[in-house]
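**Q** The opening residue of the sequence shown carries number -15 in my numbering; numbering runs sequentially from there.
Ideal Cβ placement from N, Cα and C applies to all residues, glycine included.
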Amino acid sequence: MIILIPAYKPDGQLLKLIASVAAADPKPTVVVVDDGSGPDFRQVFDDASRLGSTVIGFPANRGKGHALKTGFAFIAAAFPGRDVVCADSDGQHRVQDILRVAGRLPAASDAMVLGSRNFSGDVPAPSRVGNTATRWLFRLATGENIPDTQTGLRGYPAAMLPWLTGVPGERYEYGLNLLLEARRAGYLIRTVGIATVYLDHNTGSRFRPLADSARIYAPLLKFLASSLAAFVVDTGVFLVLLGATGSVLFAVVAARGLSSAVNFSGAAPSRQAHGGSGTARRELLRPAAVPLQPETVHHRSRRNPGHLRHCRRNKRDSYSSHGPATVPAQPCRES
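1. Using a Cβ-Cβ cut-off of 8 angstroms (strictly less than) and excluding sequence neighbours within five positions of L172, which residues of its own chain qualify?
2. Here's the rule I'm using: 16 or more other beta-carbon atoms within 10 Å means buried, otherwise exposed. How should R123 be labelled?
3. Which stretch, first to last residue, makes up the alpha helix (DSSP H) that contains I59?
4. With a threshold of 8 angstroms, are at least 3 pairs of Cβ atoms found where one atom belongs to the stretch 59 to 71 and the other to the stretch 136 to 149?
5. So, is the C-beta of M144 closer than 9 angstroms to a C-beta in chain B?
6. Flag this pair as touching only if the stretch 49 to 60 and the stretch -4 to 10 have three or more C-beta atom pairs under 8 angstroms; answer yes or no.
7. Going by beta carbon distance, what residues of the same chain come within less than 8 angstroms of A3, once the five residues before and after it are set aside?
8. Helix, strand or coil for R84? Go by DSSP, reduced to three states.
9. Which first and last residues belong to the beta strand (DSSP E) in which Y171 is found?
10. Let me make sure I understand the geometry here. Which of V113, T116, K53, S231 has the alpha-carbon closest to that of P146?
11. With 16 as the cutoff for other CB atoms within 10 Å, does E157 come out buried or exposed?
12. Only counting runs of 4 or more residues, tell me where the alpha helix (DSSP H) segments fall wholly within the stretch 2 to 53, in order along the chain.
13. V28 to M144, Cα distance in whole Å?
14. Mapping the DSSP letters down to three states, classify R138 as helix, strand or coil.
15. I'd like to confirm the pairing. Which residues does DSSP put opposite M96 in its beta bridges?
16. Is L98 near D132, with beta carbons less than 9 angstroms apart?
17. Which of the three DSSP states is assigned to R101 in this structure?
18. How would you call L(-12), buried or exposed, if buried means at least 16 neighbouring beta carbons within 10 angstroms?
19. Going by other Cβ atoms of all chains shown within 10 Å of its Cβ, with 16 needed for buried, is K11 buried or exposed?
20. Counting along the chain, where does the beta strand (DSSP E) carrying P330 start and finish?
21. Measuring CA to CA, which of P23, D30, A32, G49 is closest to P43?
22. Note down, in chain order, each residue of its chain lying with its Cβ closer than 7 angstroms to the Cβ of L89, except the 5 sequence neighbours on either side.
23. Sort G170, I178, T149 by Cα distance to Q76 and report the nearest one.
24. Find the nearest neighbour of E19 within the set R46, Q80, A32, judged by alpha-carbon distance.
25. On the criterion of 16 or more Cβ atoms from any shown chain inside 10 Å, does G372 qualify as buried, or is it exposed?
26. Do you know offhand how far E154's Cα is from V17's?
27. Taking all protein chains shown into account, do 16 or more other C-beta atoms lie within 10 angstroms of the C-beta of P278, making it buried, or fewer, making it exposed?
28. Among the candidates N102, L83, T175, whose CA atom is the shortest distance from the CA of E128?
29. Please state the DSSP three-state secondary structure of V69.
30. Pull up the CB-CB distance for T126 and L164, whole angstroms please, since I reckon it's below 8 angstroms.
31. Which term fits R270, buried or exposed, when burial requires 16 or more other beta carbons within 10 angstroms of its beta carbon?
32. How big is the Cα-Cα spacing for P64 and L83?
33. Can you tell me where the alpha helix (DSSP H) with L148 in it begins and where it stops?
34. Quick one, which of A238, A86, L162, G150 has its alpha-carbon nearest D9's?
Here it is in structure tokens:
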């Protein structure tokens, strides 16, 4: 099992989490993605490497969604067949909850597992209100009741990684896009209860209330508008055809077909999720502040954090149209 942690300008909570995971269960591999935190935070990522984590990243901030997709692509290539649990770097997720989500994955090869908070206790008002609003809008748009749509603690089976790298979204909207697209892709969504943790009233979070909330609600409102348009078309066409032909069966079949086409066209951009290449698949990975060489993937060795491992690949084969999960990792050499 791989624990994937996207991190942007992290504090000491990242290192506490890595150390706590190792103390609780030494078997999981921890992969940290530096989302362009800058040179001021290089020491934090160096320390994460010394604790046994594999650190990858890129020089400029690209957003949480991009960092996750980059991590998924890297894991699929370097650790094929391994399930992934995503956790946040700000201390909101306890190790026992991470392992609880991981424990549900072996029985969920066709489902993602969400760590669902109940928002009891001392929860910042914006977080409580935002999650409640998103939950109700999501239920209105999809008919599914998911208690915590914004949780960052999620588990994904290895077979799901190629799909994950193709779902649209580069920042916080990516997490909601996954939930909106899961059913259409044939995946289930399961939940497991976890603790609600907000440290210092969530001051460690990099979430921007206005800009990031707008990003989150945009795909949800678009999905809702598409569903509403399909309903209007369905009802209108049914009534017109029923009046013109008198055949209920013909009116139902024709109306459903047309409304489905409307709904499909509304979600057309996300249909590339199954086969599109995605920017994360083409992103060359690197440890913090280490320059890249063409067609070479750099990351810090867990056996010796001071060294780099050089994994030379054929670019065409490694990032095929079917995604990196179909290509085994190439042998690496220490330098």
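**A** Quick answer:
1. A92, D94, A95, M96, A166
2. exposed
3. 48 to 62
4. yes
5. As a matter of chain content, chain B is missing from the structure shown, which is built from one protein chain.
6. no
7. L35
8. helix
9. Unbroken run through Y171: none, as it is neither H nor E.
10. K53
11. buried
12. 26 to 34
13. 30 angstroms
14. strand
15. I173
16. yes
17. strand
18. buried
19. exposed
20. For the chain, the structure presents residues -15 to 319; residue 330 sits outside this window and is missing.
21. P23
22. D67, V97, G139, P141
23. I178
24. At residue 19 the sequence reads Asp, which differs from the Glu that was named. Cα-wise, what sits closest to D19 is R46.
25. Coverage of the chain is limited to positions -15 through 319, which leaves residue 372 absent and any answer about it impossible.
26. 14 angstroms
27. At P278, the pLDDT of 30 sits below 50, so the modelled position is not reliable; the number obtained from the coordinates is stated separately. Flag for P278 reads exposed.
28. T175
29. strand
30. 7 angstroms
31. Residue confidence is low: R270 scores 41 on pLDDT, short of 50, so the model does not pin down where it sits. Its coordinate-derived value is still stated next. Result: buried.
32. 20 angstroms
33. 145 to 148
34. A86
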